[in-house]
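Here is the structure we will look at.
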Amino acid sequence: MPTFQNPTTDAAEASEALRGLAHASRMFEDPADTYVVLGDLLAGVRSLRQVLDQLATTHETNRVRAHDDAGDQTAGATYALAATAELQQAAALPDGVHQRVDAAVADSGRIAWHPAAREPGLVSRWVSVVFLQGQGADDVLAIIDRDGTDAAIEHLSGFDLGEETTQAALVNGYVYDTIPTGPLDHTTTAGVYTLTYNHDHGHVSLLRAHTETREPDAEAPSARTTPTRPRARRQAAVDEEEDDWFAQSQSSSALRGRAL
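And the structure:
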(Lines of atoms letter the chains of each structure in order from A and count residues from 1; the text may use other names and numbers.)
(Lines give C-alpha, C1' and ligand atoms only; values in the text may rest on other atoms or scores of the structure.)
Protein backbone atom coordinates (compact mmCIF):
# COMPACT_ATOMS: atom_id res chain seq x y z
CA MET A 1 0.00 0.00 0.00
CA PRO A 2 1.25 3.53 -0.74
CA THR A 3 2.53 5.55 2.22
CA PHE A 4 1.78 8.99 0.69
CA GLN A 5 4.69 10.19 2.82
CA ASN A 6 7.82 8.26 1.82
CA PRO A 7 8.75 8.85 -1.84
CA THR A 8 11.42 6.14 -2.01
CA THR A 9 9.07 3.47 -0.65
CA ASP A 10 6.23 4.54 -2.90
CA ALA A 11 8.54 4.71 -5.94
CA ALA A 12 9.69 1.14 -5.30
CA GLU A 13 6.09 -0.01 -4.95
CA ALA A 14 5.06 1.79 -8.15
CA SER A 15 7.94 0.14 -10.01
CA GLU A 16 6.90 -3.32 -8.79
CA ALA A 17 3.27 -2.63 -9.65
CA LEU A 18 4.18 -1.64 -13.21
CA ARG A 19 6.36 -4.74 -13.58
CA GLY A 20 3.45 -6.84 -12.39
CA LEU A 21 1.07 -5.13 -14.80
CA ALA A 22 3.49 -5.59 -17.70
CA HIS A 23 3.54 -9.31 -16.95
CA ALA A 24 -0.20 -9.69 -16.29
CA SER A 25 -1.30 -7.73 -19.36
CA ARG A 26 0.40 -10.10 -21.79
CA MET A 27 -2.95 -11.86 -22.06
CA PHE A 28 -6.51 -10.81 -21.21
CA GLU A 29 -9.06 -13.56 -20.67
CA ASP A 30 -11.79 -10.94 -21.06
CA PRO A 31 -10.94 -8.07 -23.46
CA ALA A 32 -13.52 -5.91 -21.68
CA ASP A 33 -11.00 -5.66 -18.82
CA THR A 34 -8.75 -3.51 -21.03
CA TYR A 35 -11.12 -0.61 -20.39
CA VAL A 36 -10.49 -0.83 -16.66
CA VAL A 37 -6.72 -1.02 -17.15
CA LEU A 38 -6.73 1.96 -19.52
CA GLY A 39 -8.64 4.04 -16.98
CA ASP A 40 -6.10 3.28 -14.27
CA LEU A 41 -3.19 3.96 -16.63
CA LEU A 42 -4.71 7.32 -17.53
CA ALA A 43 -4.66 8.29 -13.87
CA GLY A 44 -1.11 6.96 -13.66
CA VAL A 45 0.03 9.19 -16.54
CA ARG A 46 -1.32 12.26 -14.74
CA SER A 47 0.52 11.24 -11.59
CA LEU A 48 3.71 10.63 -13.58
CA ARG A 49 3.59 14.19 -14.92
CA GLN A 50 3.22 15.49 -11.37
CA VAL A 51 6.10 13.36 -10.08
CA LEU A 52 8.46 14.54 -12.84
CA ASP A 53 7.58 18.18 -12.14
CA GLN A 54 8.22 17.70 -8.43
CA LEU A 55 11.54 15.96 -9.06
CA ALA A 56 12.62 18.88 -11.25
CA THR A 57 11.62 21.37 -8.57
CA THR A 58 13.50 19.45 -5.89
CA HIS A 59 16.72 19.49 -7.94
CA GLU A 60 16.42 23.20 -8.59
CA THR A 61 15.54 24.36 -5.09
CA ASN A 62 18.24 22.24 -3.46
CA ARG A 63 21.06 23.05 -5.90
CA VAL A 64 23.04 24.85 -3.19
CA ARG A 65 23.44 21.49 -1.44
CA ALA A 66 24.66 19.77 -4.58
CA HIS A 67 28.38 18.86 -4.88
CA ASP A 68 30.30 16.57 -7.14
CA ASP A 69 32.38 13.64 -5.85
CA ALA A 70 35.37 15.96 -5.37
CA GLY A 71 33.30 18.31 -3.19
CA ASP A 72 32.94 21.06 -5.80
CA GLN A 73 29.64 22.85 -5.13
CA THR A 74 29.68 24.77 -8.40
CA ALA A 75 29.92 21.58 -10.41
CA GLY A 76 27.23 19.99 -8.27
CA ALA A 77 24.86 22.90 -8.81
CA THR A 78 25.50 22.70 -12.55
CA TYR A 79 24.53 19.04 -12.55
CA ALA A 80 21.41 19.82 -10.50
CA LEU A 81 20.27 22.46 -12.99
CA ALA A 82 21.00 20.12 -15.90
CA ALA A 83 18.89 17.40 -14.29
CA THR A 84 16.16 19.99 -13.69
CA ALA A 85 16.08 20.91 -17.37
CA GLU A 86 15.88 17.27 -18.47
CA LEU A 87 13.11 16.52 -16.00
CA GLN A 88 11.13 19.57 -17.12
CA GLN A 89 11.32 18.37 -20.71
CA ALA A 90 10.35 14.85 -19.64
CA ALA A 91 7.37 16.24 -17.71
CA ALA A 92 6.01 17.70 -20.93
CA LEU A 93 6.03 14.34 -22.72
CA PRO A 94 3.22 12.67 -20.70
CA ASP A 95 0.84 15.34 -21.99
CA GLY A 96 0.88 13.66 -25.40
CA VAL A 97 0.62 10.21 -23.82
CA HIS A 98 -2.33 11.37 -21.71
CA GLN A 99 -4.08 12.73 -24.78
CA ARG A 100 -3.66 9.48 -26.71
CA VAL A 101 -4.65 7.22 -23.82
CA ASP A 102 -7.68 9.40 -23.08
CA ALA A 103 -8.81 8.99 -26.70
CA ALA A 104 -8.22 5.23 -26.46
CA VAL A 105 -10.36 5.05 -23.31
CA ALA A 106 -13.21 6.81 -25.11
CA ASP A 107 -13.02 4.44 -28.09
CA SER A 108 -12.62 1.34 -25.93
CA GLY A 109 -15.68 2.34 -23.92
CA ARG A 110 -17.80 2.16 -27.09
CA ILE A 111 -16.93 -1.49 -27.70
CA ALA A 112 -19.42 -4.23 -26.83
CA TRP A 113 -17.25 -7.32 -26.58
CA HIS A 114 -18.82 -10.59 -27.69
CA PRO A 115 -17.90 -13.97 -26.21
CA ALA A 116 -15.16 -15.85 -28.01
CA ALA A 117 -16.29 -18.48 -30.50
CA ARG A 118 -16.19 -21.88 -28.89
CA GLU A 119 -14.01 -24.51 -30.45
CA PRO A 120 -15.28 -28.05 -30.97
CA GLY A 121 -14.24 -30.08 -27.98
CA LEU A 122 -14.52 -33.49 -26.43
CA VAL A 123 -17.29 -33.86 -23.89
CA SER A 124 -17.22 -36.76 -21.45
CA ARG A 125 -20.47 -38.08 -20.01
CA TRP A 126 -21.52 -41.28 -18.28
CA VAL A 127 -23.56 -44.07 -19.84
CA SER A 128 -25.40 -46.43 -17.51
CA VAL A 129 -24.42 -50.03 -18.25
CA VAL A 130 -26.52 -51.74 -15.59
CA PHE A 131 -28.26 -50.97 -12.32
CA LEU A 132 -29.08 -53.81 -9.94
CA GLN A 133 -30.98 -54.08 -6.70
CA GLY A 134 -32.43 -56.92 -4.71
CA GLN A 135 -30.87 -60.36 -5.15
CA GLY A 136 -28.88 -59.27 -8.20
CA ALA A 137 -27.27 -56.48 -6.21
CA ASP A 138 -26.68 -58.77 -3.23
CA ASP A 139 -24.66 -61.14 -5.42
CA VAL A 140 -22.44 -58.30 -6.64
CA LEU A 141 -22.06 -56.87 -3.13
CA ALA A 142 -20.89 -60.31 -2.04
CA ILE A 143 -18.27 -60.23 -4.81
CA ILE A 144 -17.12 -56.81 -3.57
CA ASP A 145 -16.79 -58.08 0.00
CA ARG A 146 -15.02 -61.26 -1.06
CA ASP A 147 -12.88 -60.28 -4.06
CA GLY A 148 -12.89 -56.48 -4.18
CA THR A 149 -14.31 -53.81 -6.45
CA ASP A 150 -12.14 -54.67 -9.46
CA ALA A 151 -13.68 -58.14 -9.55
CA ALA A 152 -17.16 -56.62 -9.32
CA ILE A 153 -16.42 -54.24 -12.20
CA GLU A 154 -15.11 -57.13 -14.29
CA HIS A 155 -18.29 -59.10 -13.53
CA LEU A 156 -20.67 -56.22 -14.34
CA SER A 157 -18.78 -55.27 -17.51
CA GLY A 158 -20.29 -58.41 -18.99
CA PHE A 159 -23.55 -56.45 -19.25
CA ASP A 160 -21.83 -53.92 -21.54
CA LEU A 161 -22.70 -54.61 -25.18
CA GLY A 162 -20.73 -51.64 -26.47
CA GLU A 163 -22.56 -49.47 -28.99
CA GLU A 164 -25.83 -51.28 -28.35
CA THR A 165 -25.65 -50.34 -24.67
CA THR A 166 -24.71 -46.76 -25.53
CA GLN A 167 -27.61 -46.31 -27.95
CA ALA A 168 -30.09 -47.88 -25.53
CA ALA A 169 -28.92 -45.50 -22.80
CA LEU A 170 -29.21 -42.49 -25.12
CA VAL A 171 -32.71 -43.47 -26.21
CA ASN A 172 -33.94 -44.09 -22.67
CA GLY A 173 -32.18 -41.12 -21.09
CA TYR A 174 -29.70 -43.00 -18.94
CA VAL A 175 -26.78 -40.72 -19.80
CA TYR A 176 -25.44 -38.39 -17.13
CA ASP A 177 -23.21 -35.33 -17.07
CA THR A 178 -21.94 -36.39 -13.64
CA ILE A 179 -21.91 -39.75 -11.92
CA PRO A 180 -25.25 -40.22 -10.13
CA THR A 181 -24.62 -41.08 -6.51
CA GLY A 182 -26.41 -40.86 -3.21
CA PRO A 183 -24.89 -39.51 0.01
CA LEU A 184 -24.06 -43.03 1.29
CA ASP A 185 -22.89 -44.52 -2.01
CA HIS A 186 -19.33 -45.74 -2.52
CA THR A 187 -17.63 -45.04 -5.85
CA THR A 188 -14.61 -46.61 -7.52
CA THR A 189 -13.21 -46.31 -11.04
CA ALA A 190 -11.23 -48.75 -13.15
CA GLY A 191 -10.44 -47.74 -16.71
CA VAL A 192 -13.58 -46.44 -18.43
CA TYR A 193 -15.90 -47.98 -15.85
CA THR A 194 -17.13 -46.49 -12.59
CA LEU A 195 -18.85 -48.64 -10.00
CA THR A 196 -21.22 -47.21 -7.40
CA TYR A 197 -22.65 -49.37 -4.65
CA ASN A 198 -24.49 -49.12 -1.36
CA HIS A 199 -24.69 -51.97 1.14
CA ASP A 200 -27.38 -50.26 3.23
CA HIS A 201 -29.76 -49.63 0.34
CA GLY A 202 -28.76 -52.79 -1.50
CA HIS A 203 -27.99 -51.51 -4.98
CA VAL A 204 -25.05 -51.42 -7.38
CA SER A 205 -24.54 -49.55 -10.63
CA LEU A 206 -21.93 -49.65 -13.38
CA LEU A 207 -21.37 -46.67 -15.67
CA ARG A 208 -19.03 -46.24 -18.62
CA ALA A 209 -17.34 -43.01 -19.68
CA HIS A 210 -18.66 -41.89 -23.06
CA THR A 211 -16.64 -39.27 -24.92
CA GLU A 212 -18.19 -37.38 -27.81
CA THR A 213 -17.35 -34.32 -29.90
CA ARG A 214 -19.57 -31.32 -29.37
CA GLU A 215 -19.75 -28.73 -32.14
CA PRO A 216 -19.32 -25.06 -31.12
CA ASP A 217 -22.95 -24.04 -31.71
CA ALA A 218 -24.57 -27.40 -31.22
CA GLU A 219 -26.81 -27.96 -28.26
CA ALA A 220 -25.65 -30.57 -25.82
CA PRO A 221 -27.41 -33.91 -26.23
CA SER A 222 -30.12 -34.22 -23.65
CA ALA A 223 -28.78 -35.71 -20.48
CA ARG A 224 -30.76 -36.67 -17.45
CA THR A 225 -30.29 -34.38 -14.48
CA THR A 226 -28.23 -36.26 -11.94
CA PRO A 227 -30.57 -37.65 -9.29
CA THR A 228 -29.64 -38.31 -5.71
CA ARG A 229 -29.60 -42.00 -6.64
CA PRO A 230 -30.31 -43.84 -9.91
CA ARG A 231 -33.75 -45.20 -10.46
CA ALA A 232 -34.06 -48.94 -10.30
CA ARG A 233 -34.18 -50.80 -13.57
CA ARG A 234 -33.71 -54.38 -14.61
CA GLN A 235 -32.33 -56.39 -11.70
CA ALA A 236 -30.65 -59.07 -13.76
CA ALA A 237 -31.24 -60.99 -16.95
CA VAL A 238 -32.17 -64.13 -15.04
CA ASP A 239 -34.74 -62.31 -12.86
CA GLU A 240 -37.02 -60.73 -15.48
CA GLU A 241 -36.58 -62.05 -18.97
CA GLU A 242 -38.97 -59.59 -20.60
CA ASP A 243 -37.83 -56.39 -18.90
CA ASP A 244 -35.80 -53.75 -20.72
CA TRP A 245 -32.47 -53.16 -18.94
CA PHE A 246 -33.18 -49.44 -19.03
CA ALA A 247 -36.89 -49.44 -18.21
CA GLN A 248 -37.81 -47.51 -15.08
CA SER A 249 -39.04 -49.44 -12.08
CA GLN A 250 -42.07 -48.37 -10.10
CA SER A 251 -40.39 -49.16 -6.80
CA SER A 252 -37.45 -46.75 -6.49
CA SER A 253 -37.70 -43.92 -4.43
CA ALA A 254 -16.59 -1.60 -10.27
CA LEU A 255 -16.03 0.18 -13.64
CA ARG A 256 -15.90 -2.36 -16.32
CA GLY A 257 -15.82 -2.59 -20.07
CA ARG A 258 -19.01 -3.72 -21.72
CA ALA A 259 -19.29 -7.40 -22.49
CA LEU A 260 -22.20 -9.34 -23.93
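Positions 2 to 261 (my numbering) are the ones given, in order, by the sequence shown.
In this text, a Cβ means the ideal position worked out from N, Cα and C, and glycines have one as well.
Predicted model only: the values in this text are computed from it and were never measured.
Return the chain-ordered list of same chain residues with a C-beta closer than 6 angstroms to the C-beta of residue i, the five sequence neighbours on each side being excluded.
| i | result |
| --- | --- |
| Leu88 | Leu53, Leu56, Ala57 |
| Asn199 | Leu185, Asp186 |
| Phe160 | Val130, Val131 |
| Ala23 | none |
| Ser223 | Low confidence applies here, because Ser223 scores a pLDDT of 46, under 50, leaving its location unreliable and the question unanswered by this model. |
Hey, would you say residue i sits closer than 7 angstroms to residue j, going by beta carbons?
| i | j | result |
| --- | --- | --- |
| Arg126 | Val176 | yes |
| Thr197 | Asp186 | yes |
| Gly203 | Ala138 | yes |
| Ala81 | Ala67 | yes |
| Asp70 | Ala76 | no |
| Leu208 | Thr189 | no |
| Thr85 | His60 | yes |
What first and last residue would you give for the alpha helix (DSSP H) that runs through residue i?
| i | result |
| --- | --- |
| Asn173 | 164-173 |
| Thr1 | In this structure the chain extends from 2 to 261, so residue 1 is not present and cannot be described. |
| Ile154 | 150-157 |
Over the uninterrupted beta strand (DSSP E) stretch that includes residue i, give me the two end residues.
| i | result |
| --- | --- |
| Leu196 | 194-199 |
Kindly indicate which residue of the options has the alpha-carbon position closest to the one of residue i.
| i | options | result |
| --- | --- | --- |
| Glu165 | Gly135, Val130, Arg50, Ala107 | Val130 |
| Ala105 | Ala170, Leu43, Leu208, His156 | Leu43 |
| Thr212 | Thr189, Leu133, Val128 | Val128 |
| Pro32 | Pro116, Val205, Pro181 | Pro116 |
| Thr150 | Ala18, Ala71, Ser206 | Ser206 |
| Asp11 | Glu17, Ala18, Pro3 | Pro3 |
| Trp114 | Glu30, Arg20, Thr167 | Glu30 |
| Asp34 | Ile112, Gly97, Leu171 | Ile112 |
Grab me the residues of residue i's own chain with a C-beta within less than 7 angstroms of its C-beta, minus the 5 sequence neighbours each way, in chain order.
| i | result |
| --- | --- |
| Ala91 | Leu53 |
| His156 | Val141, Ile144 |
| Ala191 | Asp151, Ile154 |
| Gly167 | Position check: residue 167 holds Thr in this sequence, whereas Gly was assumed. The residues are Val128, His211. |
| Arg64 | Ala78, Ala81, Leu82 |
| Ala170 | Val128, Ser129, Val176, Phe247 |
| Glu14 | Pro3 |
By Cβ distance, which residues of its chain are closer than 8 angstroms to residue i, with the 5 residues on each side in sequence left out?
| i | result |
| --- | --- |
| Leu39 | Val102, Ala105, Val106, Ser109 |
| His99 | Leu43, Val46, Arg47, Arg50 |
| Gln6 | none |
| Ser26 | Val38 |
| Ser16 | none |
| Thr9 | none |
| Asp96 | Arg50 |
| Asp201 | Leu185 |
(request) Identify every run of the beta strand (DSSP E) within the region 108-145, keeping only runs that are complete inside it and at least 3 residues long; order them along the chain. (result) For the beta strand (DSSP E) assignment, the uninterrupted runs of no fewer than 3 residues enclosed by the region 108-145 are, from N- to C-terminal side, 122-134.
(request) Output the residue ranges of the alpha helix (DSSP H) runs that lie fully inside the region 15-88 and measure 4 residues or longer, sorted by chain position. (result) 34-62
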